[in-house]
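Contents: one structure, followed by commentary.
In mature numbering (1 follows the signal peptide of the UniProt record, and there is no 0), the protein residues as written are -22 to -1, 1 to 427.
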């Protein structure tokens, strides 16, 4: 068995105040002066639930950058807006250092991670809503959104996956000059205290992915000297405090690996010839392959789903496949019939009851997951789509609502997937990326699958 070493670039996690973190251990905790420590009740948090409430949560929306030579825009700044869904208004306008390449919610939905891949940086926005267990009750906290001075720094942050309160951010690294791929693992509590929980440095750069499962980490392996930056196998690591020790490399190959997703007992990885399935049985992990179905052209390279469902949705070009992890099967979802439309965005609601696909005509197709993906309805929602800034979808984790950006119309389209009611929110900027933050509905409150 070999031992991994802690990611050396963790030492570059710097604060704007000039404090430099020197490793991933208990000593590099700091108290941010903007985003208060949730355990420090001396700070002035707002507990007035009549006016300031966690109901509905908040949306973080980036403004589309303008590269058209229009000097009326401030090109030196990249704007991020926070929309409060209870107050129904923009409550904060913040700025990022560089253009945001990906926007993610933290595993507990308190923070937004603003990846700036080309700048090797991830800024963190505190959405200002979280919850604490006070023993006899769950206590809500509400404060103004704020950008943390704490940032994550590493070579080319790209793929991000969250599972059961922990997140793994994968850094692709670079070939020239050589910077190895790496993984940061953290919880919301870690971010609130200005730290990462644990890190792992891999042996080479690669366009990989990582899935954290409690104290275990599944991540990708690429052999040195290969022509592609895509990995070809999966490895298992075991966490020890702030680092991970190598356990095994699974023998089952996964050529041209791209994309991963975790549900309760399984993690799936997209391979050229099928889907690599890793089943967890306590501390035992078993790998097998679901071969590509006869009608599948290309390969499945990305996934979506819901943690309480045993099926996972896989994407192969414009084809959508339903992958049954328990029975190791896959079947195609006929989502567009004879139409030539293409898929723009898709989402699963917070309860795992509905699956929605937005196509290139601006129509949203809503499928009933519990009715074997029967089509519930198709809603014409967006009149015009700009392929340079396509609509995106955010999911409210408190109910069955999703939010679609309509950049051309400068709107948010609000859709209740249960009632199929539609509302529109006008914006005075062109939206780009979007994610939802807030106090998520507890998993036990979701209906039992």
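Ideal Cβ positions, reconstructed from N, Cα and C, are used throughout, including at glycine.
- Approximately 6 Å separates the beta-carbon atoms of residue 240 and residue 191; this is inside 8 Å, confirming the contact.
- Secondary structure of residue 313 (DSSP, three-state): coil.
- Take residue 317, set aside five residues on each side of it, and no residue of its chain has a beta-carbon closer than 6 Å to its own.
- With 16 or more other CB atoms across the displayed protein chains lying within 10 angstroms of its CB, residue 418 is buried.
- For residue 180, the CB contacts under 6 Å within the same chain, skipping 5 residues up- and downstream, are 158, 159 in chain order.
- Per DSSP, the continuous beta strand (DSSP E) segment holding residue 255 begins and ends at 252 to 259.
- The shortest CA-to-CA distance from residue 203 to any of 275, 215, 183 is the one to 183.
- Considering only 289, 345, 286, 285, the residue with the shortest C-alpha distance to residue 312 is 345.
- Around the C-beta of residue 361, fewer than 16 other C-beta atoms lie within 10 Å, and the residue is accordingly described as exposed.
- Per DSSP, reduced to three states, the secondary structure at residue 169 is helical.
- Counting every other CB atom within 10 Å of its CB across the protein chains shown gives residue 133 a total of 16 or more, marking it as buried.
- Put simply, of 101, 39, 320, 398 the residue whose alpha carbon is nearest the alpha carbon of residue 384 is 39.
- For residue 68, same chain residues with a beta-carbon under 6 Å away, outside a window of 5 residues either side, are 59, 61 in chain order.
- With a 10 Å radius around the Cβ and a threshold of 16 neighbouring Cβ atoms, residue 337 comes out buried.
- For residue 382 and residue 322, the gap between their C-alpha atoms comes out near 11 Å.
- Between residue 390 and residue 357, the gap from beta carbon to beta carbon reaches 8 Å or more.
- Scanning 168, 331, 254, 420 for the CA closest to the CA of residue 130 turns up 168.
- A direct Cα-Cα distance of roughly 11 Å separates residue 247 from residue 209.
- A direct Cα-to-Cα measurement between residue 331 and residue 379 gives close to 11 Å.
- Positions of the beta strand (DSSP E) runs, each at least 3 residues long and wholly inside the segment 319 to 343, are given as 321 to 326, 332 to 337 in order along the chain.
- The shortest C-alpha to C-alpha distance from residue 73 to any of 92, 65, 63 is the one to 92.
- Spatial neighbours of residue 269 in its own chain (CB-CB distance under 7 Å, excluding positions within 5 residues in sequence) are listed in chain order as 251, 252.
- The beta strand (DSSP E) runs lying completely inside the segment 147 to 230 and spanning 3 residues or more are 160 to 164, 176 to 179, 188 to 191, 194 to 199, 211 to 218, 221 to 227, given in chain order.
- Of 42, 83, 70, the smallest CA-CA separation from residue 374 is found for 83.
- In the structure shown, residue 402 adopts extended strand secondary structure according to DSSP, grouped into three states.
- Residue 238 holds the alpha-carbon nearest to the alpha-carbon of residue 293 among 238, 264, 265, 266.
- In the structure shown, residue 282 falls within a strand segment according to DSSP collapsed to helix, strand and coil.
- Annotation for residue 262: the continuous beta strand (DSSP E) segment containing it runs 262 to 269.
- Spanning the alpha carbons of residue 170 and residue 351 requires a straight line of approximately 39 Å.
- Partner residues in the beta bridge of residue 413, as assigned by DSSP, are 38.
- A residue is called buried when at least 16 other Cβ atoms come within 10 angstroms of its Cβ; residue 401 does not meet this threshold and is exposed.
- With distances taken between CA atoms, residue 89 lies nearest to 100 out of 100, 96, 30.
- For the 8 Å CB-CB criterion, residue 56 and residue 71 do not form a contact.
- Going by DSSP, residue 241 is part of no beta strand (DSSP E) at all; its letter is neither H nor E.
- In the structure shown, the three-state DSSP call for residue 114 is coil.
- The beta carbon of residue 342 sits closer than 6 Å to the beta carbons of 334, 336, 357, 359 from its chain, once the five residues preceding and following it are set aside; these are given in chain order.
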